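Last residue of the sequence shown: 183 in the UniProt record's numbering, with the numbers rising by one and none dropped.
Scroll down for the structure; my scribbles are underneath it.
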Amino acid sequence: MIFHLPKLGEVKLIPIQSTDQPRLFSLMSKIYKEAYRYIWVDDGDWYLDLIYCQKTLDKELCRERSHYFFVEVNGKKAGIFKYDYPFSPRETEIPNALKIHRLYLDADYHGTGLGKFLMEYGELVAKENGLENLWLEAMACQPQALRFYEKMGYQIVHSYVLPFERILPEYRLIHIMKKEVKE
Numbered sequence: 001m002i003f004h005l006p007k008l009g010e011v012k013l014i015p016i017q018s019t020d021q022p023r024l025f026s027l028m029s030k031i032y033k034e035a036y037r038y039i040w041v042d043d044g045d046w047y048l049d050l051i052y053c054q055k056t057l058d059k060e061l062c063r064e065r066s067h068y069f070f071v072e073v074n075g076k077k078a079g080i081f082k083y084d085y086p087f088s089p090r091e092t093e094i095p096n097a098l099k100i101h102r103l104y105l106d107a108d109y110h111g112t113g114l115g116k117f118l119m120e121y122g123e124l125v126a127k128e129n130g131l132e133n134l135w136l137e138a139m140a141c142q143p144q145a146l147r148f149y150e151k152m153g154y155q156i157v158h159s160y161v162l163p164f165e166r167i168l169p170e171y172r173l174i175h176i177m178k179k180e181v182k183e
């Protein structure tokens, strides 16, 4: 899918394939660590190895509900975007929903409108598929992300503590945020 954004230029959503795992791992090692290394005892290595390994990627790509993309801006990999539908959380009731599962952008693209565009695209997909809700999970220790999601119309509906022992205890709180799809 190719889009043209006034301030950015050409934006492509390129479906991630199994053979892309080395590129995905490399990209996320940079992007994820820049944003989250401080919450982990190992700079996030365990998490990166778990989430972006070949086995996990293949498992996610086999799920019919998963839609996983590289985000490319003017030929440069800018991040990733993944959404899943229909998919509801176990922790709280959000029926008939699309989950914004992963939205990570290189810091060079923060504040450019790219994140807003991707969130709006996710909402469009939800509308086109007759879904009633969108939801996502956001770390409490990322106030700029929380503000962004709130600005996009999401509200915290549930909070819980992640069980990952490698996350420093003071950073384990995560919020489930929800937005109703508007016609």
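Glycine included, C-beta positions come from ideal geometry on N, C-alpha and C.
Bear in mind that the values here come from a model prediction, so they are computed numbers and not experimental data.
### Task
Would you tell me roughly how many angstroms separate the C-alpha atoms of Y36 and E170, rounded to the nearest one?
Approximately 13 angstroms between the Cα atoms of the pair.
### Query
Does the region 38-56 come close enough to the region 153-173 that 3 or more CB-CB pairs lie under 8 angstroms?
By the Cβ rule, the region 153-173 counts as touching the region 38-56, because three or more pairs are nearer than 8 angstroms.
### Query
With respect to the alpha helix (DSSP H) encompassing M119, which residues constitute its N-terminal and C-terminal limits?
For M119, the enclosing alpha helix (DSSP H) begins and ends at L114 to E128.
### Query
Relative to the C-alpha of H4, which residue among D20, E72, C62 and L98 is closest?
That would be E72, whose Cα lies nearest to the Cα of H4.
### G122 classed as buried or exposed, judged by whether at least 16 other C-beta atoms fall within 10 angstroms
Looking at its Cβ environment, which holds 16 or more other Cβ atoms inside 10 Å, G122 is buried.
### Message
Going residue by residue through the region 44-103, where are the continuous alpha helix (DSSP H) segments of at least 4 residues, counting only ones entirely within it?
### Response
Segments of the alpha helix (DSSP H) lying fully in the region 44-103: 45-51 and 54-62.
### Message
According to DSSP, is A138 part of a helix, a strand, or is it coil?
### Response
Note: A138 maps to strand in three-state DSSP.
### Inter-residue Cα distance where the pair is E183 and D42
Each residue's CA atom was taken as its position, placing E183 and D42 some 44 angstroms apart.
### Task
Answer with buried or exposed for G79, where buried requires no fewer than 16 other C-beta atoms within 10 angstroms of its C-beta.
Within a 10 Å sphere around the beta-carbon of G79 sit 16 or more other beta-carbons, which makes this residue buried.
### Message
Beta-carbon within less than 7 angstroms of residue 195's beta-carbon, same chain only, minus the 5 sequence neighbours each way: which residues are those?
### Response
Residue 195 cannot be examined here, being either before or after the span of the chain that is shown, 1 to 183.
### Task
Starting from Q155, trace the beta strand (DSSP E) both ways and give me its first and last residue.
Per DSSP, Q155 belongs to the beta strand (DSSP E) from Q155 to V161.
### Task
May I have the straight-line CA-CA distance separating E150 from L27, to the nearest angstrom?
Whole-angstrom Cα-Cα distance: 27 angstroms.
### Task
Taking the CB atoms as reference points, tell me whether L134 and A140 lie closer together than 8 angstroms.
In this structure, A140 does not lie closer than 8 angstroms to L134 by Cβ.
### Query
I think residue 235 touches L131, with their Cβ atoms under 8 angstroms apart; what is that distance to the nearest whole Å?
Outside the shown range of the chain, which is 1 to 183, sits residue 235, and nothing can be said about it.
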